[in-house]
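Student:
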Amino acid sequence: MGAYRALDFVINDILTAVKPQQQDWVIRFHIIDELRKVIESVESLRGATVEPFGSFVSNLFTRQGDLDISVQLPNGSYISAAGKKRKQALLGDLLIALREKGVWRRLQFIAHARVPILKIESKDTSISCDISIDNLHGYIKSKFLFWISEIDGRFRDMVLLVKEWAKCHDINNPKTGSFNSFALSLLVIFHFQTCAPAILPPLRDIYPHSAIDDLQGVRADAERQIAETCAANIARFKSSISRPNRSSLSELFVSFFAKFSGLNLKAPELGICPYTGQWEEIRNNMRWMPQTYALFIEDPFEQPENTARAVSSRQLKRISEAFEVTHHWLTSYSHNQTTILAALVRPHEVQFLTQTPVRNGSYKGGRLGLMPWNQRALKSPSQMQHQHQRTRNNHQGPAQSFAHSSAVTKPHHQPSNDSIPQTSTQQHHPSKPQQMWRPRSS
3 MGAYRALDFV INDILTAVKP QQQDWVIRFH IIDELRKVIE SVESLRGATV
53 EPFGSFVSNL FTRQGDLDIS VQLPNGSYIS AAGKKRKQAL LGDLLIALRE
103 KGVWRRLQFI AHARVPILKI ESKDTSISCD ISIDNLHGYI KSKFLFWISE
153 IDGRFRDMVL LVKEWAKCHD INNPKTGSFN SFALSLLVIF HFQTCAPAIL
203 PPLRDIYPHS AIDDLQGVRA DAERQIAETC AANIARFKSS ISRPNRSSLS
253 ELFVSFFAKF SGLNLKAPEL GICPYTGQWE EIRNNMRWMP QTYALFIEDP
303 FEQPENTARA VSSRQLKRIS EAFEVTHHWL TSYSHNQTTI LAALVRPHEV
353 QFLTQTPVRN GSYKGGRLGL MPWNQRALKS PSQMQHQHQR TRNNHQGPAQ
403 SFAHSSAVTK PHHQPSNDSI PQTSTQQHHP SKPQQMWRPR SS
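Each number in our numbering comes from the position in the sequence shown (counting from 1) with 2 added on.
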């Protein structure tokens, strides 16, 4: 584990930079309240409630992460979903009201998407919001990710690291043919399922069929049945662990990139199936045939939907190269903390990390002891890929480069309330299941 010690410090500081603090939660609650006031003023949305979902509910959002909002239409206690045309009309009404309010900018109505969405941004906070109608499916999937994150605290940290890395390499945008954040979370789940020993079980062991199919009838009853089933199965899995995986977060991070390097070569024949926890042959899976996607990552909660359906063949090659070059950068003897940081986070995060002082004396000139921002010549991910193509055949040796970096003293981390609701961040001290936050009805 000593070989990954320096990477541990880099990762810890990245997490410090991207994990939400209490103020980030306050800001998002304020946005939710502001949206609720606007929706109450729209006649066609009378009686509707505002419910967040996505990374805010799963507790997997970063400080700059956007906010997913579902406007739930009144239908008594029963589950129902409006048709696409009605959703488009209602979002159109909401768009008019938001424009009149004057506190939102960059309003964009994506009416003909698979799920119609209204995208807005708060002028005060620059937080983006995606608003949809009756998106109970998104809400329940978010709760599943929250429950899974309570199995092992390393899962949340890995998702946050992978999201930031994907943004750094510009592969976290389905509009341009790359991953959405849900697919990235499923990749982390799959990695934790296929480690030795496994950290997470096949998701069929948590919920034995497609959860979306069970969202019928009385909503409270359906949600309670799903939650109780998951809680019982998660407790059973945790009690049955005889040989826990004790890999450090750094080791799991490096092996994540190793596992998905060459993804474009596997994708024509193999699909990623978190439901079974295995690579599955596409030709043997009748639910996936005919296979017309560049990459298949099955949605374990809504089978056989493909969460990577937006990934294009061209972008898949770029994605595979990003995995490969990052793995090379993390395991090469020739790279230091400066170049590693540039391969993992976006420039503005690099600036924060290198300019924010820490109390530990082993760090000099910044959080990571790096050169000042204006003195460094950091390479972009694309430049790294070009350099990697030229040099990868010349680099041999074990994946232990961080063992040769200069020794640093581990900083003393103080407890902080960086997440609300509180979730487990220690492998051996999981928190008790907590009630998920639900907005008040109005």
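Using N, Cα and C, we set each Cβ at its ideal position, and we do this for glycine too. All values reported here derive from a predicted model rather than from experimental measurement.
1. Looking at I284: is its Cβ nearer than 7 Å to the Cβ of W290?
2. Select from F111, I150, L147 and K143 the residue whose C-alpha is nearest the C-alpha of C131.
3. DSSP three-state call for Q24: helix, strand or coil?
4. Identify every residue that forms a DSSP beta bridge with C275.
5. Jot down the residue ranges of each uninterrupted beta strand (DSSP E) in the region 11 to 65, minimum 3 residues, whole runs only, in chain order.
6. I think L332 touches N266, with their Cβ atoms under 8 Å apart; what is that distance to the nearest whole Å?
7. Would you identify the three-state DSSP class for K121, choosing helix, strand or coil?
8. On the CB-based measure, 16 or more other CB atoms within 10 Å of its CB, does P199 come out buried or exposed?
9. Check Q218 in the structure and name its three-state DSSP category.
10. Using beta-carbon positions only, say whether A312 and P176 come within less than 7 Å of one another.
11. Could you round the C-beta distance between R156 and L9 to whole angstroms and report it? I think they count as a contact, below 8 Å.
12. From R48 to W106, what distance separates their C-alpha atoms?
13. Taking its Cβ as the centre, do 16 or more other Cβ atoms sit within 10 Å of M160, making it buried, or is it exposed?
14. Between which two residues does the beta strand (DSSP E) containing Q74 stretch?
15. Given a cut-off of 7 Å, decide if L93 and P76 are closer than it, judged by their beta-carbon atoms.
16. Could you check whether the Cβ of N235 sits closer than 6 Å to any heavy atom belonging to the ligand PLP?
17. Let me check one thing: in DSSP terms, what residues is C131 bridge-paired to?
18. Give me the residue from S79, I321 and E271 with the minimum Cα distance to A222.
19. Just how far apart, CA to CA, sit A173 and F181?
20. Hey, quick one: how far does the beta strand (DSSP E) through L109 stretch, first residue to last?
21. So, for L100: in the same chain, excluding its five sequence neighbours on each side, which residues have a beta-carbon less than 7 Å away from its beta-carbon?
22. When the Cα atoms are used, what is the spatial distance from K165 to N247?
23. If we count the other Cβ atoms within 10 Å of its Cβ and call it buried at 16 or more, is V28 buried or exposed?
24. From R245 to I133, what does the alpha carbon distance come to, in whole angstroms?
25. Need the endpoints of the alpha helix (DSSP H) that I321 sits in, please.
26. For the alpha helix (DSSP H) holding Q195, just list the boundary residues, first then last.
27. Kindly indicate the opening and closing residues of the alpha helix (DSSP H) around E307.
28. Nearest-angstrom Cα distance between L343 and N61?
29. In the DSSP output, which residue or residues are listed as bridge partners for Y80?
30. The alpha helix (DSSP H) that contains W466, what's its start and end?
Tutor: In short:
1. yes
2. F111
3. helix
4. Q280
5. 51 to 55
6. At roughly 20 Å, the Cβ-Cβ gap does not stay under 8 Å, so L332 and N266 are not in contact.
7. strand
8. Burial state of P199 is exposed, judged by a 10 Å Cβ sphere holding fewer than 16 other Cβ atoms.
9. coil
10. yes
11. Incorrect: roughly 14 Å between the Cβ atoms, too far for contact.
12. Looking at the two C-alpha atoms, the distance is approximately 21 Å.
13. buried
14. L69 to Q74
15. no
16. The ligand PLP is not part of the structure shown, which contains no ligands of any sort.
17. L69 and I122
18. S79 is the residue among S79, I321 and E271 whose C-alpha sits nearest the C-alpha of A222.
19. Contrary to the premise, residue 173 reads as Ile rather than Ala in this sequence. Near 6 Å, if we compare the C-alpha coordinates of F181 and I173.
20. W106 to I112
21. V40, W106, L109 and I122
22. 23 Å
23. exposed
24. 43 Å
25. S315 to T333
26. S183 to Q195 is the extent of the alpha helix (DSSP H) around Q195.
27. Where E307 is concerned, there is no enclosing alpha helix (DSSP H), given that its DSSP letter is neither H nor E.
28. 24 Å
29. Partner(s): V220.
30. This structure gives no information on residue 466, because the portion of the chain shown stretches from 3 to 444.
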